[in-house]
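Inspection log for the structure reproduced underneath, given as structure tokens.
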Amino acid sequence: MARPQRTSRTLEKAQLRAMKLRAIDAEMDFGLNRNMNTLSTRIEKLQSKLNNYNNLVELLDASKLEIDDLERELGDLIDQMLNGVCARYGNDSREYEMAGGTRKSDRIRKSAESRTKNNAKKLAQAANN
């Protein structure tokens, strides 16, 4: 999911206010650096920073998608490599275990008989309680 682009209500408000102030007097100056040039400079600076930020967010999203794709490809490759070891040496071999797989003989499987015995015990215990 892409991150949202950032906007600034303050910037929009300042741009609108600057346009209205220019309509009154293009060289408006109240002293202490409160003039149209300073206002325009700060508007441009914020606009530039916002554009830069949004470009970086876009780059970050693109990089994340690339990383996700590479992880998926790598996961597929390691699965294929383990399957290759299984095909060459068998799924009960030491080589398969060394490659990270679980040997077939090491897998613990409950038989149907033991599962029914456990279920019968649980039912008996529940009936006694």
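The opening position of the sequence shown corresponds to residue 138 in our numbering, with each subsequent residue numbered one higher. A virtual CB, placed ideally from N, CA and C, is assigned to each residue, including glycine.
Check: Can you tell me the Cα-Cα spacing of Asp205 and Asn191, whole angstroms?; Outcome: 21 Å
Check: Whole angstroms is fine: what's the gap from Gly238's alpha carbon to Met218's?; Outcome: 11 Å
Check: Using alpha carbons as the reference points, say which of Lys186, Ala151, Leu197, Gln184 lies closest to Met173.; Outcome: Ala151
Check: Can you give me the start and stop residues for the alpha helix (DSSP H) that Lys186 sits inside?; Outcome: 173-226
Check: For the pair the segment 180-190 and the segment 139-157, tell me if three or more CB-CB distances fall below 8 Å.; Outcome: yes
Check: Under DSSP, the alpha helix (DSSP H) around Gln152 begins and ends at which residues?; Outcome: 146-161
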